[in-house]
Amino acid sequence: MTQTEPFTMTAQNAIRLAMTAFTGIVLALSAVGIRWTSQHQPPASAMASAAVLGMSSTFAIVALVVIWRGSGK
Amino acid sequence: MAVMAHAAIGSSGSFMERLNSDWHEVAMRSFMVVVLGHWMEHFLQTFQIYVLGWPVPQARGMIGIFFPALITSEVLHYGYAVVMLLALWALRPGFTGKQERWWWTLALGIQFFHHIEHALLQVQALSGHNLFGRPVPTSIAQLWVPRVELHLFYNTIVFVPMIVAMYYHLFPPETEAARPQCSCAWHTRSIASPV
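Encoded structure:
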């Protein structure tokens, strides 16, 4: 049987949570951005904007996974 | 309890050696404040457009509302890109671990391309001749992506690897063999098992 370590508020976890909040902001901004650009930009520009906003979100999510998985000390 | 562990820090050496040892912590903190502040300006600009519905030319972030020249001046944009590139390069030797160095170098590489884009804009602004027959200075990626979204993207994909590098720099993995030269790392290694 495996046991899960209880979550404690260390400096490491505080930084992880800050990164999680940052990722949340990037995701929310990208979501409203994709919606806005689809309504206010020509189709080709809107598609390009959606691509870069999507890539920004992907970068942030990858970073989030890395720091939550990262062993650290 | 995590404690601030200070590795062997020298008080002599060249400027670059000191920047990457006993000054690294202060330099990194200062740099992160500047970079985060700059990213927040881009965030606010897009928030003003997407959420508040402001016209794009009126969306100038926070400081740009009071100092519009900060948004319109290509010199300032290019200057910031150069400062950012130099700081990423100058502070890189302080990242002695394998993973932290990899992520910091990724940020440096992306910022290098970002800086080239700003250099192109700067040359057009100085010469008065815009590329591709456009009415305003235009960078390569701007041929496809509108400027606001493009530069939010650039600043995000530079900032994100910086954060990961900083994370590994503050909390080096146990498997990391390289010993830090600076006081940035938070760990208990020096108490548990002096190296």
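Taken in order, these protein sequences are the chains called A and B.
Residue numbers for the first sequence, in the working numbering: 771 to 843.
Residue numbers for the second sequence, in the working numbering: 57 to 251.
No residue lacks a Cβ here, since even glycine has one placed at the ideal position from N, Cα and C.
Test: residue i CB closer than 9 Å to a CB of chain A
{"i": "Phe99 (chain B)", "result": "yes"}
{"i": "Leu226 (chain B)", "result": "yes"}
{"i": "Ile172 (chain B)", "result": "no"}
{"i": "Trp200 (chain B)", "result": "yes"}
{"i": "Ile213 (chain B)", "result": "yes"}
{"i": "Phe188 (chain B)", "result": "no"}
{"i": "Val216 (chain B)", "result": "yes"}
{"i": "Pro236 (chain B)", "result": "no"}
7 Å Cβ cut-off: residues of chain A touching residue i
{"i": "Trp242 (chain B)", "result": "Ala781"}
Contact list for residue i against chain A, beta-carbon separation under 9 Å
{"i": "Leu206 (chain B)", "result": "Ala818, Ser819 and Val822"}
Contacts of residue i in chain E (Cβ-Cβ under 8 Å)
{"i": "Ile105 (chain B)", "result": "Looking for chain E here will not work: the only protein chains present are A and B."}
Residue i classed as buried or exposed, judged by whether at least 16 other C-beta atoms fall within 10 angstroms
{"i": "Arg116 (chain B)", "result": "buried"}
{"i": "Leu834 (chain A)", "result": "buried"}
{"i": "Val216 (chain B)", "result": "buried"}
{"i": "Phe777 (chain A)", "result": "exposed"}
{"i": "Gly153 (chain B)", "result": "buried"}
{"i": "Thr231 (chain B)", "result": "exposed"}
{"i": "Ile219 (chain B)", "result": "buried"}
{"i": "Ala820 (chain A)", "result": "buried"}
{"i": "Met118 (chain B)", "result": "exposed"}
{"i": "Met140 (chain B)", "result": "buried"}
{"i": "Leu108 (chain B)", "result": "exposed"}
{"i": "Ser191 (chain B)", "result": "Residue identity check: residue 191 (chain B) is Pro in the sequence provided, not Ser. Exposed, by the Cβ-count rule."}
{"i": "Met779 (chain A)", "result": "exposed"}
{"i": "Pro193 (chain B)", "result": "buried"}
{"i": "Val112 (chain B)", "result": "exposed"}
{"i": "Met84 (chain B)", "result": "buried"}
{"i": "Trp160 (chain B)", "result": "buried"}
Beta-carbon separation (whole angstroms), residue i vs residue j, contact threshold 8 Å
{"i": "Ile795 (chain A)", "j": "Phe99 (chain B)", "result": "7 Å"}
{"i": "His80 (chain B)", "j": "Leu147 (chain B)", "result": "7 Å"}
{"i": "His155 (chain B)", "j": "Tyr106 (chain B)", "result": "One point to set straight first is that residue 155 (chain B) is Gln, not His, in the sequence displayed. Incorrect: roughly 35 Å between the Cβ atoms, too far for contact."}
{"i": "Pro818 (chain A)", "j": "Trp200 (chain B)", "result": "At residue 818 (chain A) the sequence reads Ala, which differs from the Pro that was named. 4 Å between Cβ atoms; contact."}
{"i": "Glu205 (chain B)", "j": "Thr807 (chain A)", "result": "7 Å"}
{"i": "Ala241 (chain B)", "j": "Pro228 (chain B)", "result": "6 Å"}
{"i": "Ala137 (chain B)", "j": "His170 (chain B)", "result": "6 Å"}
{"i": "Glu130 (chain B)", "j": "Gln167 (chain B)", "result": "Their Cβ separation, rounded to whole angstroms, is 17 Å, which puts Glu130 (chain B) and Gln167 (chain B) out of contact at 8 Å."}
{"i": "Tyr134 (chain B)", "j": "Ala175 (chain B)", "result": "6 Å"}
Chain B contact for residue i (CB, 9 Å cutoff)
{"i": "Phe777 (chain A)", "result": "no"}
{"i": "Leu787 (chain A)", "result": "no"}
{"i": "Thr790 (chain A)", "result": "no"}
{"i": "Leu797 (chain A)", "result": "no"}
{"i": "Gly803 (chain A)", "result": "yes"}
{"i": "Ser815 (chain A)", "result": "yes"}
Residue i: contacting residues in chain A (beta-carbon distance under 8 Å)
{"i": "Ile219 (chain B)", "result": "Met789, Phe792, Ala833 and Ile837"}
{"i": "Phe209 (chain B)", "result": "Val822, Leu823, Met825 and Ser826"}
{"i": "Thr194 (chain B)", "result": "Ordered by position in chain A, no residue passes the 8 Å Cβ test against Thr194 (chain B), which lies about 13 Å from the chain."}
Chain-ordered chain B contacts of residue i [CB-CB under 7 Å]
{"i": "Gln811 (chain A)", "result": "Pro202"}
The ligand SAM heavy atom lying under 8 Å from the CB of residue i
{"i": "Ala233 (chain B)", "result": "Absent from the structure shown: the ligand SAM. Ligands present: none."}
Can you pull out the residues from the segment 154-179 of chain B whose beta carbon lies closer than 9 Å to at least one beta carbon of chain A?
Listed by position, the residues of the segment 154-179 of chain B near chain A (Cβ gap below 9 Å) are Gln155 and Trp159.
Check distances from the C-beta atoms of the segment 71-103 of chain B to those of chain A and list, in chain order, the residues that come in under 8 Å.
For the segment 71-103 of chain B, the set of residues with a beta-carbon nearer than 8 Å to any beta-carbon of chain A comprises Phe99, Thr102 and Phe103, in chain order.
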